[in-house]
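Q: Note that the numbering used here gives residue 616 to position 81 of the sequence shown, counting from 1, and the numbers run on in steps of one. Built from N, CA and C at the ideal position, the CB exists for glycine as well. Before anything else, here's the structure in question.
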Amino acid sequence: TYATLVYEPKRKEQTPLPLLVVLHEAGRNDETVWSLADPLGEHAGLAPSLLFTGRAPTALADKFAMVAPYSAGKRSFYEEPRSKILQFIEWVCSEAGQRAGCPYVDPNSVYLFGFSDGATLAVELATTRRFR
């Protein structure tokens, strides 16, 4: 499993949301998952930092749930089998994920966003035809 930032907009309706999965770049990854949300850090300006500082565009902040897994202690997600990140995404979309605090999401509306090494992984995962 991954340490993960989770974002869900405040809303009244209980309909499933589209899910944005944010995949980070390669690096030391020796900080905490909160480094992904640091508005002054290397991830400033990316979805996690914008959402957690209230600076995200309304179209993102009000209409999407987001998860940003963190490969703590690993140089990148590539040090693990692809099946692990795929299983993680399926778990986030499941009732078990909801019971653990993940937002109620539409498993047919999962979008991948990656930067640097994470973008390469997103393209590779897209070839599984699981994602739009």
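Quick one: measure Cβ to Cβ for Lys539 and Pro604, integer angstroms, because I've assumed they're closer than 8 Å.
A: Stepping through the sequence shown from its first residue, residue 539 is reached at position 4. Stepping through the sequence shown from its first residue, residue 604 is reached at position 69. Reading off the sequence shown, one finds Thr at residue 539, where the question assumed Lys. Thr539 to Pro604, Cβ: 5 Å. Contact.
Q: Round the Cβ separation of Val557 and Phe648 to the nearest angstrom and send it over; I've been treating them as touching at under 8 Å.
A: Taking the sequence shown and counting its residues from 1, one reaches residue 557 at position 22. Taking the sequence shown and counting its residues from 1, one reaches residue 648 at position 113. Confirmed, Cβ separation roughly 5 Å.
Q: Put Phe648 into one of helix, strand or coil per three-state DSSP.
A: Numbered from 1 along the sequence shown, position 113 holds the residue referred to as residue 648. The answer is strand: DSSP assigns Phe648 an E or B state.
Q: What are the partner residues of Thr539, as DSSP defines its beta bridges?
A: As a first step, residue 539 is located in the sequence shown; it is residue number 4 there, counting from the start. The partner list for Thr539 (beta bridge, DSSP) reads Pro604.
Q: Within its chain, find whatever has a CB closer than 8 Å to the CB of Lys547; leave out the 5 residues flanking it on each side and keep chain order.
A: Counting from one through the sequence shown, the residue named residue 547 turns up at place 12. Nothing meets the Cβ criterion.
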